[in-house]
Each structure stands twice: as C-alpha cells, then as structure tokens.
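Novice: For the sequence shown, the numbering used here assigns the number 6 to the initial residue and increments by one for each residue that follows.
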Amino acid sequence: MANRNDTAKPYDGLEVMEYCWGRIFTGTEADLVASGLVQSEWLPGKPTSNKYSATIVFEDGKGRLLAGNQDLKFEHISIRRRGKDRYVIQKAFSPAEAENKMIANNLKKIRENEAKELAKLSANSDEYRTSILECAEWFLEAIRHAATSGKESGYSLAPDFLAAFDIAAGQILGAIQSGTINFDSAKRSAAIAKINQQATEERREADPEFAAFLGATLMSAKAAIATSNK
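#1: Hey, how far is the Cα of T12 from the Cα of E146?
#2: Between which two residues does the alpha helix (DSSP H) harbouring G68 extend?
#3: Thinking just about the alpha-carbon of each residue, which of D131, A39, T135, C25 is nearest to the one in A103?
#4: Pull up the distance between the alpha-carbon of R86 and that of T31, whole angstroms please.
#5: Name the residue from S40, P100, E34, V93 whose alpha carbon lies nearest to the alpha carbon of D17.
#6: I need the straight-line Cα distance from I84 to K113, nearest angstrom please.
#7: Does L21 pass the burial test, meaning 16 or more other C-beta atoms within 10 Å, or should it be called exposed?
#8: In its own chain, which residues sit with a C-beta less than 7 Å from the C-beta of E23, not counting the 5 before and 5 after it?
#9: Do the segment 200 to 212 and the segment 130 to 147 make contact, defined as three or more Cβ pairs closer than 8 Å?
#10: Please classify S158: is it buried, with 16 or more other beta-carbons within 10 angstroms of its beta-carbon, or exposed?
#11: Can you find the residues in the same chain that come closer than 8 Å, C-beta to C-beta, to F188, ignoring five residues on each side of it along the sequence?
#12: Following the continuous alpha helix (DSSP H) through F170, name the residue where it begins and the one where it ends.
Following this line, the structure appears as structure tokens:
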C-alpha cells in the first residue's frame, strides 16, 4: 500500500515540482507505483477509478477513491491522466510536513543572516584597511559632489576650496593606507559571540526541538556543576 507520509522515498523516474503548498509528481504508472505514491487501481482509466481524473482521500491510513463532490475532510491527492501511460499527481504537504518546511525555511534564513553578520567583520588587517578606504572615498566624493552641485541655488564653493579639498582628501586617504592598524582579539571574540548568541536565540524561537535540546543541555550542565561543587 502507498505510504502517504513517507517523504524520504526515492522519486526515481518522476518529474517533481515543489511549491509552497506541496508537490506535483509526473510519471508513468510503473514509476509512480514504485515510488509509493499511489496504488495502480487508483489511476484514472483503470476499471476501479474514474476515466480522466481521480481524487484519493486517506482515512485511518487507507486510501480510497472520492465519490462525487464529497467534502474533502481528509488528507488527499489529486491524479490526472496525461496521455496513454503518464499521470500528474498533486499532493499537498501534511500539517506536520508543512510545519517542518516552515521551520526549515526559518532556520535557513537564520543561518544566512548569521553568516552575513559574521562576514561584516573584517577577516584580516588588509580587508579592514580596504573597507575603511572605500568608506572614506565614498564620503569624500559625497562632499566634493555637494560642493560643486549647487547650481539650482546659485551657490557653489570656489575653485580654491576644491584645490585645498583635493589635497586634504589625498592626505586622509594616504594616512589610511599607511597607518598602523591595531587589533583587539577580545573585542572581536565578543562581537562573534554576540552574533552567535543572537542566532541561537532565534533558533530557539524557530525550532521547538532545538529549544528542548538546548534546555536539556543547560539542565545537564547545571546538574554537573552542582555535583562538582559538593
């Protein structure tokens, strides 16, 4: 019998499209039956099914052909015939699977955001110097642009200012390029720890299983500390 909850089954030979609500499977009778998605007698065109399309409902773990326009109270799949020996199956995610998908997507976003925040921390002194140079160049260019783009008001800074500004800007950029860079390992470690802690808190809120694991780990750690202090 087809196992409607087995999302780990191989779908060899099937075309599978996944959407936010579920999946669409396209394939031959042999491949669909082998995948565990359907039983042969459910397929449209069979003596035990409808001619072109069929809806199979699952009640108490058993699948049966939906008759007429009955209310779809139970989990179900829709099957359409495509050609002589090809079928299209629409299968919505079960509530548990939909929840797992949502949790997985949320955890993925948390991981991506954590990696993005960690990437903002310069990996070495050269990378840090480059980031400061880029920031300074953008800022200085913004000032120069503001000083020369006052045509609407009729005001702009004189050429002697621009000459002095360019000299000062060159000195600022030169100082950044040649200046000594200090490194505080404790401050960097604290920044990384803060990002990791934030991600851990977000995982705790997004994944009940992770929250339970974290709670159990914390309780074990406290018990071990209490024992060692006796």
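By construction, the Cβ of each residue, glycine as well, lies at the ideal position given by its N, Cα and C atoms.
Quantities reported herein were computed from a predicted structural model and do not represent experimental measurements.
Specialist: Let's see:
#1: Low per-residue confidence applies at T12: pLDDT is 44, beneath 50, and the placement is therefore not dependable, though the value from the model is reported in the following sentence. So the two alpha carbons sit approximately 56 Å from each other.
#2: No alpha helix (DSSP H) holds G68; the beta strand (DSSP E) holding it covers 67 to 70.
#3: Comparing C-alpha distances from A103 to each of D131, A39, T135, C25 shows the shortest one belongs to C25.
#4: 10 Å
#5: S40
#6: When the Cα atoms are used, I84 and K113 turn out to be separated by approximately 32 Å.
#7: Residue 21 is actually Val in this sequence, not Leu. Classification of V21: exposed, given that the 10 Å Cβ count is below 16.
#8: none
#9: no
#10: exposed
#11: S130
#12: Residues 164 to 183.
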